Amino acid sequence: MTTTKRARWGLVTTTGVLTGFGHGFAAFAVSALLKPLAVDLETGRGAVSTAIGLGRLVAGLASPTIGRITDARGPRGMVMVGMVVAALGLFGLAFVRTEIELYLAWSLVFSLGVAAGFTIALDKLVVASMTEKRGMGLAVRFSISAVVATLIVPIVTAMIEHVGWRQTCTIWGGIILLLLPIPYFFFGARHLQQSPRQTPAATKINTPARNSVLRQPAFWIIAAALTAQASVTAGLSIHLVALMTDFGLDPVFAATLFGGMILLTVPVRLLAGYTSDRVTASKLPLVLGALLILEGIAVSSFALAPSFTTMLIVTAALGIAAGAPMVLVLVLCAELFGQDSFGAVQGKLMMIQVPGTMLAPIIAGYAHDLTGSYVIVIAGFSVVLVAGGAMLWLLRPGKG
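In the numbering used here, the protein residues as written are 706 to 1105.
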C-alpha cells in the first residue's frame, strides 16, 4: 500500500473515531440517559423523547445549509465549529433543571453541534478523498464509528451509575474538546485527494440534471425509504435500553447488549461497502429494499409475541439491518447526483427525515407512558419498514 493510500485510509479511520465519540453519544449512549433524566427532572419518558426528537428537527433543518457550506468551503472548519458547539451543549445539559432548559441544551445546542461536526462534513470528506472504493471507504468509516459507539455505551452507562448523568455530560463535553486538534491538523485541503470530475449517473441514465434533484422521482423514493428506516432506528434505539430494563435486566448489562447490537452493524456495513463498489446503481435499490423488508419482519416478532427472546431478535435485527442502508444510500446518491453536490443532496435527505426521526421516539415514549408497553408502537414500526422496502423496488435508475 502506498503512502497516499495509507493516508486516505487513515483519514477514513479518523472520521469514524470522531463520529463514534460525537454522534455515537447522541444516537446511542443517550438511551442510557433516558431514565435518569426523566427521574431527575420529574417528568416522563415522553417528555425526554420530545427533547431528543426536537434535536433531530434542529439537525435536519440545519443539514442543507451545513451541506452547502461544506461543499463550498471544505469540511475542516465545519467539523471544528460543530465539535465546539456540541461540547457547549453537553456542558449546558449538565445544569438543566426544567424541560425548557433540556430543550435548549439538547435539542438546540448539542444537536446542532452534532449535525455540523460529526455527520455530513465527515461523509463528504470520505467521498472527496476516495477516488476508488468509495463504498468501502464509507463502510469502514461507519464500522469504526460503530465499534467506538459500542465501547462508549457501557462506559457512559457505568459513568452515569457512578458519578451521575450530569457529571457524565460534563466529562464527555471535555473529551470532545480534547479531540479538536484532529480536524485542525488532518482535515486541511492538502490532506484531501482531489477526485477527477465525473459525470453523474443521473445524466447517464437520462434523468434531470442534479441541480433539479428535487424534481426527480428517484430522489423522493430514496428519501421516503431512508426516512422510514431512519425513523424506526431512532425510535427503537432511543428506547431499547429502557425496553431491556423493563424486562428486568441490569442497566449496565442492558447497555452492553445495546453495544453488541451496534457491533453487529460492522460486518453488515463492510459487506454493503463491498457490494456497492461492485454492483450497478440499478441493483442497489433492490438490495436496500430487501434489507428493510427483512428488518420489518424481524421487528414484528416482538409485536406478535412479546418476550425476552423476541426482544433479542429485535435487537439483533436492528443491529444487522441498520448497518447497511446508509452506506448504500450515500453511494447511490453519489452515483446519481454527482460528488460536487454530495453535501447538499445529503443535507436535503437529512432534512426530509426530520418528521419521522423526530416523531418516532416521541410516539414510542408516549405510547409506553399510556399503555405501559412498547408492543403497539413496535408493530407500527414493522409496517413502516416493510412499506419503505417495497417502495424501493419501484426504483429502476438504470431504465431511465
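All residues carry an ideal CB built from backbone N, CA and C; glycine is no exception. As the structure is a computational prediction, the values presented were derived from the model and not from experiment.
Proximity to Met-835 across Gly-1048, Trp-714, Leu-931 and Val-852 peaks at Trp-714, based on C-alpha coordinates.
Thr-970 sits in a helix when the DSSP states are folded into three classes. A Cβ-Cβ separation of about 3 angstroms places Gly-1052 in contact with Gly-772 under the 8 angstroms criterion. In this structure, Gly-822 is the residue among Gly-822, Asp-1045 and Val-984 with its C-alpha nearest to the C-alpha of Met-783. Leu-996 counts as buried, since no fewer than 16 other beta carbons sit within 10 angstroms of its beta carbon. The Cβ atoms of Val-946 and Ala-737 sit closer than 7 angstroms to each other. Less than 7 angstroms separates the beta-carbon of Ala-799 from that of Thr-875.
Leu-1054 and Ala-1010 have their alpha carbons spaced roughly 35 angstroms apart. Of all alpha-carbon atoms in Val-832, Arg-802, Ile-805 and Met-785, the one lying nearest the alpha-carbon of Val-819 is that of Met-785. Comparing C-alpha distances from Val-801 to each of Arg-839, Val-753, Gly-965 and Leu-817 shows the shortest one belongs to Val-753. Closest in alpha carbon position to Pro-1030, among Leu-1041, Leu-993 and Leu-1064, is Leu-993. Within the segment 1034 to 1079, the complete alpha helix (DSSP H) runs of at least 4 residues fall at 1047 to 1057 and 1059 to 1076.
Non-local C-beta neighbours of Ser-1006 in its own chain, meaning closer than 6 angstroms and more than five positions away in sequence, comprise Thr-1015 and Ile-1018, ordered along the chain. Thr-718 is the residue among Thr-718, Val-1088, Ala-960 and Thr-1076 whose C-alpha sits nearest the C-alpha of Val-831. Contact between Pro-1066 and Ile-865 is absent: CB atoms are separated by about 19 angstroms, not below the 8 angstroms threshold.
Taken in chain order, the complete beta strand (DSSP E) segments of 3 or more residues contained in the segment 814 to 846 number zero; there are none. By the C-beta density criterion, Ile-998 is buried, having at least 16 other C-beta atoms within 10 angstroms.
Around the C-beta of Gly-1077, fewer than 16 other C-beta atoms lie within 10 Å, and the residue is accordingly described as exposed. DSSP places Leu-954 outside both helix and strand once states are collapsed to three, so it counts as coil. Comparing alpha carbon positions, the residue from Thr-938, Ile-825, Arg-761 and Gly-953 closest to Ile-1025 is Thr-938. Measuring C-alpha to C-alpha distances from Met-1063 to each of Val-957, Ser-981 and Ala-933 identifies Ala-933 as the nearest. With a cut-off of 8 angstroms on Cβ pairs, the segment 839 to 849 is not in contact with the segment 753 to 767, counting fewer than three such pairs. If you draw a 10 Å sphere on the C-beta of Arg-761, you find 16 or more other C-beta atoms in it, and that means buried.
Counting along the chain, Pro-780 sits inside the alpha helix (DSSP H) bounded by residues 780 to 798.
In the same chain as Val-1050, and ignoring 5 residues on each side of it, the C-beta atoms closer than 7 angstroms to its own belong to Val-918, Cys-1038 and Phe-1042, in chain order. By the neighbour-count criterion, in which 16 or more other beta carbons inside 10 Å mark a residue as buried, Leu-843 falls on the buried side. With contacts defined as CB atoms closer than 7 angstroms, Ala-960 and Thr-824 fail to qualify as a contacting pair. Residue environment: Asp-828 is assigned as buried (16 or more neighbouring CB atoms within 10 Å of its CB, all protein chains considered). A Cβ-Cβ separation of about 24 angstroms leaves Gly-840 out of contact with Ser-936 under the 8 angstroms criterion. Between Ile-943 and Gly-779, the alpha-carbon positions lie close to 32 angstroms from each other. With respect to the 7 angstroms criterion, Thr-720 and Gly-1048 are not classified as neighbours on the basis of their beta carbons.
For the pair Arg-871 and Ala-1022, the Cα-to-Cα distance works out to about 32 angstroms.
Your pair Phe-733 and Ile-967 checks out as a contact, with CB atoms roughly 6 angstroms apart and the cut at 8 angstroms. Across the structure, Leu-1033 and Gln-921 are spaced so that their CA atoms are roughly 19 angstroms apart. About 6 angstroms separates the beta carbons of Gly-729 and Val-853, which is inside the 8 angstroms limit, making them a contact pair.
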